[in-house]
Structure formats: structure tokens, C-alpha cells
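Enquirer:
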Amino acid sequence: MQKIIVLTFTFFCSILCFGQTSEQEKLIELGKAYKEFMFRNEPTRDIYIDIQVNVPNNLKTTTSFILQCITTKNKLLSTPFLTLPNEQTLKQLYIVKAINLNLREENRIDNYRLIDNLMTTSISNYELVDNYYGMLFTAVGNKNQPFDFSKVDFLLKNYNLKDETEKGIFFLRCMDYCGKTIWGYINNYRPANTQKALENIDKFPKFNGRVYYQYTDFYFPDFDIKILDNEGEMSYKDYYLNKYYETLLYNLLCLNNEGRSEKERNDLLLGSILKDRSLYKYSTNKKVLESIFIDEITNLEKQSF
Numbered sequence: 178m179q180k181i182i183v184l185t186f187t188f189f190c191s192i193l194c195f196g197q198t199s200e201q202e203k204l205i206e207l208g209k210a211y212k213e214f215m216f217r218n219e220p221t222r223d224i225y226i227d228i229q230v231n232v233p234n235n236l237k238t239t240t241s242f243i244l245q246c247i248t249t250k251n252k253l254l255s256t257p258f259l260t261l262p263n264e265q266t267l268k269q270l271y272i273v274k275a276i277n278l279n280l281r282e283e284n285r286i287d288n289y290r291l292i293d294n295l296m297t298t299s300i301s302n303y304e305l306v307d308n309y310y311g312m313l314f315t316a317v318g319n320k321n322q323p324f325d326f327s328k329v330d331f332l333l334k335n336y337n338l339k340d341e342t343e344k345g346i347f348f349l350r351c352m353d354y355c356g357k358t359i360w361g362y363i364n365n366y367r368p369a370n371t372q373k374a375l376e377n378i379d380k381f382p383k384f385n386g387r388v389y390y391q392y393t394d395f396y397f398p399d400f401d402i403k404i405l406d407n408e409g410e411m412s413y414k415d416y417y418l419n420k421y422y423e424t425l426l427y428n429l430l431c432l433n434n435e436g437r438s439e440k441e442r443n444d445l446l447l448g449s450i451l452k453d454r455s456l457y458k459y460s461t462n463k464k465v466l467e468s469i470f471i472d473e474i475t476n477l478e479k480q481s482f
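Position one of the sequence shown corresponds to residue 178 (the working numbering), numbered consecutively onward.
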């Protein structure tokens with residue numbers, strides 16, 4: 178009887194170890210696929226098939242997401258993928274991205290050791306949420322061209338976002354991508370190509386049925402996370418609200434340069450956080466924002482007489 182018990186225990190231990198190894202191997206496989214095909218390269222049909230073979234049950238959602246990330250004209254803007262998955266999936270995707278980054282290093286660490294370390298490391302929920310939507314909007318930008326969100330309306334209540342912080346992360350990650358679609362037109366041309374930039378701004382998405390700049394729920398507590406690969410943790414608002422203010426200022430510049438109506442200009446100025454002085458501290462263009470605010474108050478005072 179004792180021998181049978183020992184053999185049975187050994188059998189189940191081997192199953193558990195095999196399952197763990199299988200999960201690690203699949204995570205590494207997904208990390209390699211993400212590295213190879215997240216940009217312009219397109220997987221072959223055989224690669225798609227291989228990725229979907231022998232997927233552990235607890236990795237099916239993660240595998241499905243990575244498959245979309247490496248697919249041209251993917252479905253990441255559909256509600257099933259916009260909806261925040263469970264914490265286990267968020268952690269797995271965090272690990273997949275970490276493997277991808279590790280594979281780009283000459284002096285990389287062993288991927289199995291990396292997985293073990295990250296599995297036992299406590300990572301804040303907000304950092305996991307940020308990583309998820311960062312991967313999602315990066316994949317949309319890399320794989321779904323040309324840029325056109327003109328028919329997209331993000332209904333944040335539908336995506337399993339539990340508080341204003343998670344909604345803010347979703348919005349700022351999305352607008353970080355949108356802002357990149359106009360950055361080059363403003364900064365790489367002399368003079369700035371505001372016509373082309375405005376064409377993309379006109380294709381920005383709506384949020385909760387309203388134009389993008391009317392989203393102003395940024396009063397959630399700030400937090401520090403690792404944002405840039407080669408730097409330590411930094412303020413989330415310092416980084417992403419600064420980027421967003423930049424996009425709003427570019428929008429204002431485009432409206433002015435392209436002779437858009439006074440109503441459009443005032444809607445942007447008075448309907449966005451361009452008027453919210455309490456948030457200027459997160460922008461590196463604080464003096465510009467304060468100047469615009471003072472000028473706007475002066476104009477309103479003149480109109481009142």
C-alpha cells in the first residue's frame with residue numbers, strides 16, 4: 178500500500194511539473210512570436226497553427242490576445258478585447274512582453290528564470306492594466322493601417338474598468354497612440370504640416386459618445402510605475418498627461434493655422450483640460466497653457482462689455 182501511495186504521489190507530481198513546464202514553454206513561445214511579428218512582419222500560416230497547438234487552459238485568453246497583436250487588420254478594437262481580462266491573464270501578458278524585451282538583450286537572462294521571478298513578484302494592478310492597453314493600442318497602431326478612429330466610440334462602462342484610474346489609463350494609452358499619429362506632422366516639417374495633422378485629428382475617436390477632448394476625468398490619485406524601458410519608475414500623470422496636453426496644444430495650433438471656426442476653437446479651449454489650471458503641473462508646457470488661459474479670460478471679459 179505504501180509503495181502504491183508513493184507511486185501515485187510521484188505520478189501526480191510529474192503531471193504538475195509537466196503542466197508548469199508546458200505553461201512556461203508556451204509563454205516563451207508567445208514572447209518570441211510577439212517579438213518577431215509585433216511590427217510589420219507577418220506570421221506564416223504554419224506559425225499561426227503552431228501557436229494554437231498545446232495551449233494550456235489557463236493560457237487560452239493570453240494566446241488569443243497575442244495572436245491578435247501579430248495579425249494585420251486585427252480585431253483588438255472589438256469589445257471582447259477592449260474588455261479588461263482577469264488578473265491572471267494580465268500577469269501572463271506582462272510576462273510575455275518582458276520575455277520579448279529580454280530576447281532583445283545581448284546579455285539576456287534565462288527566460289525560465291525570468292518567468293519564475295515575475296510569477297512571484299507583486300506587480301501593481303494599475304501597472305498590469307497599463308501594460309495591457311499599451312500592448313493593445315501598440316498592436317492597433319502597428320497592424321491596422323491607415324489610421325482611422327472616426328467611427329470608433331469607446332464606451333468605457335462596458336470594458337470591466339473598475340474605477341476612474343483604470344478608465345484614465347485606457348483613455349491616456351489610447352490618446353498616446355493618437356497623439357503619435359500627428360506628432361511627426363508638427364515636429365518633422367518646417368513649417369508644421371497642420372493640414373495633414375488636422376486630417377488625423379478629425380479621425381480621433383469618441384469616448385462615451387463625446388468628442389475626445391471632452392473627457393476630463395483625470396483627478397484620480399497619481400502613482401509611479403515603470404514606463405520607459407531604460408529608466409526607473411516615474412509619475413504616471415507626469416508622463417501621460419504631459420503627452421495628452423501636447424496633443425491638445427497641437428490640436429489648437431491646427432485649428433488656428435487651418436482657419437477653422439471660432440466655435441471649434443472655443444469648444445476645444447473651454448471643453449477640455451486646457452482650461453483646468455490645477456492639472457498644468459503635469460505639463461512641461463505650463464507657461465504656454467497659462468498664457469492661453471489668461472488670453473482666453475481677457476477675451477471673455479471683452480465680450481461681456
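In this text, a Cβ means the ideal position worked out from N, Cα and C, and glycines have one as well. Please read these numbers as outputs of a predicted model, since none were measured by experiment.
Measure the Cβ-Cβ separation of Thr342 and Phe384 and say whether it is below 8 Å.
Expert: no
Enquirer: Is there at least one non-hydrogen atom of the ligand SAM closer than 7 Å to the beta-carbon of Asn263?
Expert: Questions concerning the ligand SAM fall outside what the structure shown contains, since it holds no ligand whatsoever.
Enquirer: Beta-carbon separation of Thr260 and Tyr336 under 8 Å?
Expert: yes
Enquirer: Is DSSP giving Val306 helix, strand or coil here?
Expert: Here Val306 sits in helix by DSSP.
Enquirer: DSSP puts Lys403 in a beta bridge; with which residues?
Expert: Glu410
Enquirer: With Tyr427 and Ile471 assumed to form a contact (beta carbons below 8 Å), what rounded beta-carbon distance in angstroms separates them?
Expert: Not confirmed; about 20 Å, so no contact.
Enquirer: For Cys351 and Val306, I'd like the C-alpha separation in whole angstroms.
Expert: A direct Cα-Cα distance of roughly 13 Å separates Cys351 from Val306.
Enquirer: For Arg437, which of helix, strand or coil comes out of DSSP?
Expert: coil
Enquirer: Can we say the stretch 426-443 touches the stretch 370-379, given the rule of at least three CB pairs closer than 8 Å?
Expert: yes
Enquirer: DSSP state of Lys383, grouped into three classes?
Expert: strand
Enquirer: Could you tell me the boundaries of the alpha helix (DSSP H) in which Leu332 lies?
Expert: Here Leu332 belongs to no alpha helix (DSSP H), and DSSP marks it neither H nor E.
Enquirer: Report the start-end ranges of each alpha helix (DSSP H) in the stretch 217-257 that is 4 residues or longer and not cut off at the edges.
Expert: Secondary structure in the stretch 217-257: the alpha helix (DSSP H) runs of 4 residues or longer, each lying completely within the stretch, are 222-228 and 237-246 in chain order.
Enquirer: Kindly indicate which residue of Arg442, Ile450 and Leu405 has the alpha-carbon position closest to the one of Leu278.
Expert: Leu405
Enquirer: Less than 7 Å between C-beta atoms, sequence neighbours within five positions excluded: which residues of the same chain meet that for Asp325?
Expert: Lys380
Enquirer: In angstroms with no decimal places, state the Cα-to-Cα distance between Asn365 and Leu270.
Expert: Computed Cα separation, rounded: 34 Å.
Enquirer: Which same chain residues, not among the five before or five after Asn308, have their C-beta less than 8 Å away from its C-beta?
Expert: Leu267, Leu270, Tyr271 and Lys274
Enquirer: When you compare the CB positions of Asp330 and Tyr417, do they come within less than 8 Å of one another, or not?
Expert: no
Enquirer: Just to confirm before moving on: does the CB-CB distance between Lys320 and Lys250 stay below 8 Å?
Expert: yes
Enquirer: Check this for me: beta carbons of Ala210 and Ile224, under 8 Å apart or not?
Expert: Yes; because the gap between Cβ atoms is below 8 Å, this pair is in contact.
Enquirer: What does DSSP give as the partner residue(s) for Val388 in the beta ladder?
Expert: In DSSP, Val388 forms a bridge with Lys383.
Enquirer: Would you grab the beta carbon distance between Thr240 and Ile228 for me? Rounded to a whole angstrom, and I think it's under 8 Å.
Expert: With 8 Å as the limit, Thr240 and Ile228 qualify as a contact, their Cβ atoms being about 7 Å apart.
Enquirer: Starting from Leu451, trace the alpha helix (DSSP H) in both directions and tell me its first and last residue.
Expert: Premise fails: Leu451 is in no alpha helix (DSSP H) and is neither H nor E.
Enquirer: Hey, how far is the Cα of Lys464 from the Cα of Met312?
Expert: 33 Å
Enquirer: Can you say whether Thr298 is buried or exposed, counting buried as having 16 or more other CB atoms within 10 angstroms of its CB?
Expert: exposed
Enquirer: Can you list the alpha helix (DSSP H) stretches of 4 or more residues lying completely in the stretch 316-371, in chain order?
Expert: 341-364
Enquirer: Alpha carbon to alpha carbon, how far is Pro262 from Asp394? Give it in angstroms, no decimals.
Expert: Rounded to the nearest angstrom, the gap between the Cα atoms of Asp394 and Pro262 is 23 Å.
Enquirer: Are there 16 or more other CB atoms within 10 angstroms of the CB of Cys304, so buried, or fewer, so exposed?
Expert: The sequence shown places Glu at residue 304, not Cys. Answer is buried; the Cβ neighbour count reaches 16.
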